[in-house]
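K.L.:
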DNA sequence: TATTATTGTATTTATTTGACACAATAAAAC
DNA sequence: GTTTTATTGTGTCAAATAAATACAATAATA
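Residue numbers (this note's numbering), protein chains in the order written: chain A, 35 to 298; chain B, 35 to 298.
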């Protein structure tokens with residue numbers, strides 16, 4: 035296991051005193067690749083447990099800024115689409131001290147080199163956590179694990195492992211929110227590369243809605259909304275007609291989203 | 035000004051030690067009366083300032099339970115429709131100590147009989163607050179002011195006074211959420227009395243959507259959804275045809291809401 | 001008994017949707 | 001070079017939905 039440097043330890047020990055003691059945030063960072071919706075997960079060094087990327091809020095920091103900071107630390111990305119979706123306040127979220135997960139975190143931190151008892155107790159606090167979700171261009175993100183984690187990876191939402199605490203519930207809520215808010219969120223613009231085919235866009239909608247859409251009707255509806263620019267054809271190398279590439283007319287797209295784009 | 039009893043003071047002073055120190059909640063409690071959407075507001079004893087009913091969360095209490103407790107304390111109502119809509123985490127929410135509102139609260143509490151300096155400092159804390167909204171049958175609610183307030187009143191959402199802190203923003207967000215979630219919320223069942231006319235239902239929708247709906251088309255659409263029971267006519271005493279009274283078939287209504295009732 | 005305002009329902013027209021047809025086409029197979 | 005293949009862009013057509021309007025029914029009044 036990688037030990038942390040003394041300065042990493044000192045940094046976190048300093049920060050703990052400046053964090054709000056009972057509030058955290060967790061980010062459901064979604065991307066889209068190989069026609070799959072993916073979420074960024076962390077895997078702990080000590081026992082391989084999976085969790086959502088999260089963090090704490092400095093006493094003099096806006097909750098929103100803290101969410102942007104966590105997103106930046108995990109992906110290197112700034113100024114992205116980031117939306118709060120729910121705050122989880124079950125008193126059972128404080129179950130750490132008496133249960134395996136709490137003991138395990140303290141062992142983990144001890145092994146990493148933490149010695150300050152105040153800091154070792156930190157994760158025993160009850161945290162009310164606010165869930166944020168971000169939609170990012172997966173090709174531009176550079177996943178970075180945090181100090182508790184060995185890795186930071188994109189996982190398909192169709193095959194999510196058991197996550198710590200209530201993180202599976204948090205992720206589930208984020209996906210539900212995404213579906214309900216679908217018509218008001220810049221899904222395509224956030225998740226697809228600059229240029230994409232109509233099939234890319236359709237598969238994205240299908241993976242969010244979890245149901246197939248009829249190809250030619252999808253194309254007709256989308257084109258009628260008139261927020262796409264058509265570009266050159268994409269020669270795919272396959273033995274069939276080549277599709278056009280499209281990009282978003284961002285102004286028209288955002289104007290339409292204000293009142294919701296009707297799909298469902 | 036009414037002084038509080040010694041036991042009321044002792045109660046709150048005891049409770050403060052058991053509250054989470056940086057989290058609060060505020061309730062946007064909505065009712066419907068005289069064809070107007072109304073919200074329950076409190077008016078402080080000391081200076082007549084208006085605010086949303088709110089409260090704090092006990093260290094061993096679920097956030098949701100705390101919201102139900104506040105709702106019950108202000109309206110006497112239990113087990114109602116209550117939904118979280120947003121958490122407000124601006125660091126400026128902690129501006130109390132240096133600004134007029136903070137000084138004013140301490141003066142207020144001193145005049146009410148509070149002496150414990152820990153308690154007088156309580157409102158200087160930075161609170162991240164979670165907004166809940168409730169939809170209630172206004173005729174069944176019994177508004178009760180809290181210990182800081184002289185009155186607890188229903189105000190039309192069309193004429194909201196200046197509220198303390200960011201409470202106008204919180205209320206605005208709740209109404210926006212209500213509009214966007216309209217098709218998924220039991221608006222009619224929660225806000226109307228057991229029996230109502232089609233006009234009552236239409237006016238309710240119009241006051242939420244803020245736009246007129248065509249009468250006969252509204253009636254046709256609603257009846258086609260088949261979740262209303264028709265009862266006897268209501269003789270209004272006016273020189274025209276008497277409307278039928280309707281009530282909800284609650285099972286069918288809730289089944290439809292799961293997938294959203296299309297209106298907008 | 002005629003008048004009035006509102007209600008319940010029907011009609012008419014335009015628009016949207018879902019299902020499917022089909023020619024166009026880029027590359028591979030022959 | 002011709003045929004085959006899979007996919008794309010567009011068209012069609014019937015069914016469903018929506019918006020605007022018409023109109024008879026009716027409870028109370030004049």
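Glycine is no exception: its CB is placed at the ideal position from the N, C-alpha and C atoms.
Quick caveat, the model's predicted, so the values are computed rather than measured.
Could you list which residues in chain A have their beta carbon closer than 8 Å to that of residue 160 of chain B, in chain order?
P.N.:
Near residue 160 of chain B (Cβ distances below 8 Å), the residues of chain A are 54 and 93.
K.L.:
Tell me the DSSP secondary structure of residue 131 of chain B in three-state form.
P.N.:
Any answer about residue 131 of chain B is weak, because its pLDDT of 47 lies below 50 and its placement is not dependable; what the coordinates show is given next. Three-state result, residue 131 of chain B: helix.
K.L.:
Is the Cβ of residue 41 of chain B closer than 8 Å to any Cβ of chain A?
P.N.:
Residue 41 of chain B does not count as touching chain A.
K.L.:
Considering just the uninterrupted stretch of the beta strand (DSSP E) at residue 92 of chain B, what are its terminal residues?
P.N.:
Residue 92 of chain B -> beta strand (DSSP E) spans 88–92.
K.L.:
Need the endpoints of the alpha helix (DSSP H) that residue 207 of chain B sits in, please.
P.N.:
That run of the alpha helix (DSSP H) goes 201–215.
K.L.:
Can you tell which of A/226, A/196 and A/205 has the C-alpha that lies nearest to the C-alpha of residue 165 of chain A?
P.N.:
Nearest of A/226, A/196 and A/205 to residue 165 of chain A, Cα basis: A/205.
K.L.:
Determine the direct distance from the alpha carbon of residue 240 of chain B to that of residue 255 of chain A, and round the result to whole angstroms.
P.N.:
Spanning the two alpha carbons is a distance of roughly 29 Å.
K.L.:
Could you work out which residue in B/75, B/51, B/60 and B/47 is closest to residue 178 of chain B when comparing CA atoms only?
P.N.:
Of B/75, B/51, B/60 and B/47, the residue nearest in Cα terms is B/75.
K.L.:
Assign residue 43 of chain A to one of three DSSP states: helix, strand, or coil.
P.N.:
Correct three-state label for residue 43 of chain A: helix.
K.L.:
Could you tell me which residues DSSP puts in a beta bridge with residue 113 of chain B?
P.N.:
In the DSSP output, where bridge partners are listed per residue, residue 113 of chain B has none listed.
K.L.:
Quick one: complete alpha helix (DSSP H) runs, 4+ long, within the stretch 214–276 of chain A?
P.N.:
Entirely contained in the stretch 214–276 of chain A, the alpha helix (DSSP H) runs reaching 4 residues are, in chain order, 221–225, 232–243 and 249–259.
K.L.:
Residue 279 of chain B and residue 229 of chain B: beta carbons closer than 8 Å?
P.N.:
It is a contact, given that the beta carbons lie within the stated cut-off.
K.L.:
When the Cα atoms are used, what is the spatial distance from residue 185 of chain B to residue 142 of chain A?
P.N.:
Looking at the two C-alpha atoms, the distance is approximately 53 Å.
K.L.:
Give me, in chain order, the residues of the same chain whose beta-carbon lies closer than 7 Å to that of residue 261 of chain A; leave out the 5 immediate sequence neighbours on both sides.
P.N.:
Closer than 7 Å at Cβ, skipping near neighbours: 282, 283, 286, 287 and 290.
K.L.:
Hey, residue 171 of chain A and residue 257 of chain A: beta-carbon distance below 8 Å or not?
P.N.:
Contact flag unset, no.
K.L.:
Residues of chain A with a CB under 9 Å from the CB of residue 96 of chain B: which are they?
P.N.:
Those within 9 Å of residue 96 of chain B in chain A are 123, 124, 125 and 126.
K.L.:
Using a cut-off of 7 Å between C-beta atoms, extract the partners of residue 118 of chain A located in chain B.
P.N.:
Chain B residues near residue 118 of chain A: 120 and 121.
K.L.:
State buried or exposed for residue 222 of chain B, treating a residue as buried only when at least 16 other CB atoms are found within 10 Å of its CB.
P.N.:
Residue 222 of chain B comes out buried.
K.L.:
Under 7 Å between beta-carbons, which chain B residues line up against residue 57 of chain A? List them in chain order, please.
P.N.:
Those are 56, 57 and 162, listed as they occur along chain B.
K.L.:
Since I believe residue 161 of chain B is in contact with residue 41 of chain B (beta carbons under 8 Å), could you give me their beta-carbon distance rounded to a whole number of angstroms?
P.N.:
Going by Cβ atoms, the distance from residue 41 of chain B to residue 161 of chain B rounds to 26 Å, so no, they are not a contact pair.
K.L.:
Tell me whether the stretch 187–206 of chain A and the stretch 64–79 of chain A touch, counting them as touching only if at least three CB pairs, one residue from each stretch, are closer than 8 Å.
P.N.:
Touching, yes, given that three or more Cβ pairs across the two stretches are closer than 8 Å.
K.L.:
How is the beta strand (DSSP E) around residue 68 of chain A delimited, first residue to last?
P.N.:
Run containing residue 68 of chain A: none; DSSP gives neither H nor E here.
K.L.:
Confirm, please, whether the CB-CB distance from residue 127 of chain B to residue 98 of chain B is below 8 Å.
P.N.:
It is not a contact, given that the beta carbons lie outside the stated cut-off.
K.L.:
Buried or exposed: residue 183 of chain B, going by 16 or more other Cβ atoms within 10 Å of its Cβ?
P.N.:
Buried, by the Cβ-count rule.
K.L.:
At the level of alpha carbons, what is the spacing between residue 246 of chain B and residue 156 of chain A?
P.N.:
Near 55 Å, if we compare the C-alpha coordinates of residue 156 of chain A and residue 246 of chain B.
K.L.:
Around the Cβ of residue 275 of chain A, are there at least 16 other Cβ atoms within 10 angstroms (buried) or fewer (exposed)?
P.N.:
Exposed.
K.L.:
Where does residue 279 of chain A fall in DSSP's three states?
P.N.:
Looking at residue 279 of chain A - three-state DSSP - the assignment turns out to be strand.
K.L.:
Under the three-state reduction of DSSP, which class applies to residue 194 of chain A: helix, strand or coil?
P.N.:
Reduced to three states, the DSSP call for residue 194 of chain A is coil.
K.L.:
Would you say residue 168 of chain B and residue 235 of chain B are within 8 Å of each other, going by their C-beta atoms?
P.N.:
The answer is no: Cβ separation not under 8 Å.
K.L.:
Pull up the CB-CB distance for residue 277 of chain A and residue 231 of chain A, whole angstroms please, since I reckon it's below 8 Å.
P.N.:
Right, the Cβ-Cβ distance comes to about 4 Å (below 8 Å), so this counts as a contact.
K.L.:
If you draw a straight line from the C-alpha of residue 46 of chain B to the C-alpha of residue 86 of chain A, how long is it?
P.N.:
Taking the straight line from one Cα to the other gives about 38 Å.
K.L.:
Of all the options B/145, B/198, B/102 and B/54, which has the alpha carbon lying nearest to the alpha carbon of residue 43 of chain B?
P.N.:
Nearest of B/145, B/198, B/102 and B/54 to residue 43 of chain B, Cα basis: B/145.
K.L.:
Taking the CB atoms as reference points, tell me whether residue 243 of chain B and residue 213 of chain B lie closer together than 8 Å.
P.N.:
In this structure, residue 213 of chain B lies closer than 8 Å to residue 243 of chain B by Cβ.
K.L.:
Look up residue 35 of chain B in the DSSP assignment and say whether it is helix, strand or coil.
P.N.:
Below a pLDDT of 50, predicted positions are generally treated as unreliable, and residue 35 of chain B, at 47, falls in that range; the measurement from the model is reported next regardless. Three-state result, residue 35 of chain B: coil.
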